[in-house]
Amino acid sequence: MGDNSLHPHLAPGKIVCVGRNYRAHASELGNDVPQEPLLFLKPPSSLIPGGESILQPPGVGRVDFEGEVAFVVGRRGRLIREEEAWTFVSHVVPANDVTARDLQRSDAQWTRAKGFDTFCAVGTPVPLEQVDLDGLRVRTRVNGEIRQDAPISDMAFPPPVLLSYISRIMTLEPGDLILTGTPEGVGPLVPWDEVEVEIPGVGAVMNPVRAAPGAPWPRPRPR
Ligand code: MG
Numbered sequence: 013m014g015d016n017s018l019h020p021h022l023a024p025g026k027i028v029c030v031g032r033n034y035r036a037h038a039s040e041l042g043n044d045v046p047q048e049p050l051l052f053l054k055p056p057s058s059l060i061p062g063g064e065s066i067l068q069p070p071g072v073g074r075v076d077f078e079g080e081v082a083f084v085v086g087r088r089g090r091l092i093r094e095e096e097a098w099t100f101v102s103h104v105v106p107a108n109d110v111t112a113r114d115l116q117r118s119d120a121q122w123t124r125a126k127g128f129d130t131f132c133a134v135g136t137p138v139p140l141e142q143v144d145l146d147g148l149r150v151r152t153r154v155n156g157e158i159r160q161d162a163p164i165s166d167m168a169f170p171p172p173v174l175l176s177y178i179s180r181i182m183t184l185e186p187g188d189l190i191l192t193g194t195p196e197g198v199g200p201l202v203p204w205d206e207v208e209v210e211i212p213g214v215g216a217v218m219n220p221v222r223a224a225p226g227a228p229w230p231r232p233r234p235r
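If you're matching positions, the sequence shown starts at 13 in the numbering used here and goes up one per residue.
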């Protein structure tokens with residue numbers, strides 16, 4: 013875990029994620045699609061490659077899979093225009109934005125719920141020019157059963173809009189990862205599950221789920 017040299021094209025300085033970017037998924041958790049993209053960050057220390065275990069921390073409650081289409085930034089960009097956005101993307105990669113759902117609900121900010129070690133599984137990046145961008149979709153299986161399957165044309169904010177928007181807040185650097193949100197069908201993982209996020213025609217990332225060893229971490233109380 014925390015291996016930032018997973019792949020030459022996967023050493024992100026930051027992992028920028030988008031929440032509630034598919035209408036049906038926003039609804040299933042009782043939310044609306046936001047009026048502008050909803051962003052959060054995952055730490056690079058959460059990264060794992062395919063085959064490594066997603067570790068369910070003790071005492072956190074429900075831990076969900078979120079299958080997502082992710083993009084690798086290929087060159088530095090800020091104030092990117094939507095029309096040129098794809099020229100800043102080098103690779104496409106399947107990703108699992110693993111989420112401690114109970115903590116996400118209890119915390120105003122999602123750093124903890126989204127940031128545990130092993131909570132960002134990513135596959136092998138495929139160069140953009142080898143990918144049919146119009147046909148991109150994401151499909152998630154748990155123990156072989158399809159749980160999510162949606163085209164990126166269902167996104168509320170498509171990738172060029174996201175790249176442009178993000179680049180007006182923070183400079184995008186080569187290697188940065190953009191996770192574009194998850195479609196309908198999220199659900200809990202339990203130890204010994206196997207979860208696979210596939211982008212058909214691009215690749216897949218499969219990870220087993222295990223309970224992390226150890227007692228629940230101490231919960232400091234305010235003085
Ligand atoms: Mg997500």
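Beta carbons: idealized from backbone N, C-alpha and C, even for Gly.
Practice item. Closer than 6 Å by C-beta to residue 130: which residues in its own chain qualify, once you throw out the five before and the five after it? Chain order, please. Key: Within the same chain, residue 130 has close Cβ partners 13, 60, 66, 67.
Check your understanding: Does the Cβ of residue 109 lie closer than 7 Å to at least one heavy atom of the ligand MG?
Key -> Indeed, a heavy atom of the ligand MG lies less than 7 Å from the Cβ.
Review point. When the Cα atoms are used, what is the spatial distance from residue 203 to residue 102?
Key: Each residue's alpha carbon lies about 34 Å from the other.
Review point. Any heavy atom of the ligand MG within a distance shorter than 7 Å of the CB on residue 197?
Key: Answer for residue 197: no, Cβ out of range of the ligand MG.
Exercise for review: Look at the alpha carbon of residue 153 and the alpha carbon of residue 208, and state the distance between them as a whole number of angstroms.
Suggested key: One C-alpha to the other measures close to 5 Å.
Point to revise | Proximity to residue 86 [Cα-Cα], best of 123, 155, 22, 122 | key: Closest option to residue 86, Cα to Cα, is 22.
Check your understanding: When DSSP labels each residue in this structure, what does residue 16 get in the three-state scheme?
Key -> With a pLDDT of 44 at residue 16, under the threshold of 50, the modelled position of that residue is not reliable, and no figure is offered here.
Point to revise | Stretch pair the stretch 136-150 + the stretch 211-220: three plus CB contacts closer than 8 Å | key: Short answer: they touch.
Check your understanding: What three-state label does DSSP hand residue 65 in the structure shown?
Key -> Note: residue 65 maps to coil in three-state DSSP.
Point to revise | Nearest to residue 38 (by Cα), restricted to the options 94, 133, 166 | key: It is 166.
Practice item. Answer yes or no: the CB of residue 233 versus the heavy atoms of the ligand HEM, is any distance below 7 Å? Key: Among the ligands present in this structure, namely the ligand MG, the ligand HEM is not found.
Exercise for review: State the DSSP-derived secondary structure class of residue 26, mapped to helix, strand or coil.
Suggested key: Three-state DSSP puts residue 26 in coil, outside helix and strand.
Exercise for review: Rounded to whole angstroms, what's the CA-CA distance from residue 44 to residue 155? Just pull it up for me.
Suggested key: Note on geometry: alpha-carbon atoms of residue 44 and residue 155 lie some 30 Å from one another.
Check your understanding: Do the stretch 134-143 and the stretch 222-232 make contact, defined as three or more Cβ pairs closer than 8 Å?
Key -> Between the stretch 134-143 and the stretch 222-232 there are fewer than three inter-stretch CB-CB distances shorter than 8 Å, so the stretches are not counted as touching.
Check your understanding: Would you call the CB atoms of residue 217 and residue 106 closer than 8 Å?
Key -> In this structure, residue 106 lies closer than 8 Å to residue 217 by Cβ.
Check your understanding: According to the Cβ coordinates, are residue 72 and residue 104 closer than 8 Å?
Key -> Contact flag unset, no.
Check your understanding: Can you tell me where the alpha helix (DSSP H) with residue 124 in it begins and where it stops?
Key -> Where residue 124 is concerned, the enclosing alpha helix (DSSP H) starts and stops at 123-127.
Check your understanding: Which word fits residue 78, buried or exposed, when buried means at least 16 other C-beta atoms lie within 10 angstroms of its C-beta?
Key -> Buried: at least 16 other Cβ atoms inside 10 Å.
Check your understanding: What are the uninterrupted segments assigned as beta strand (DSSP E) that are 3 or more residues long and contained completely in the stretch 46-124, given in chain order?
Key -> Those beta strand (DSSP E) runs which fall completely within the stretch 46-124 and span 3+ residues are 50-54, 59-61, 66-68, 75-77, 79-85, 101-109.
Review point. For residue 36, which three-state DSSP category applies?
Key: Of the three classes helix, strand and coil, the one that applies to residue 36 here is helix, per DSSP.
Exercise for review: Would you list the residues sitting across from residue 216 in a DSSP beta bridge?
Suggested key: Beta-bridge analysis with DSSP links residue 216 to 210.
Practice item. On a CA-only basis, which of 181, 84, 76, 94 is nearest residue 159? Give me that one, please. Key: Taking only the C-alpha atoms, the option nearest residue 159 is 76.
Review point. What's the gap between the Cα of residue 196 and the Cα of residue 110?
Key: If you take the alpha carbons of residue 196 and residue 110, they lie about 15 Å apart.
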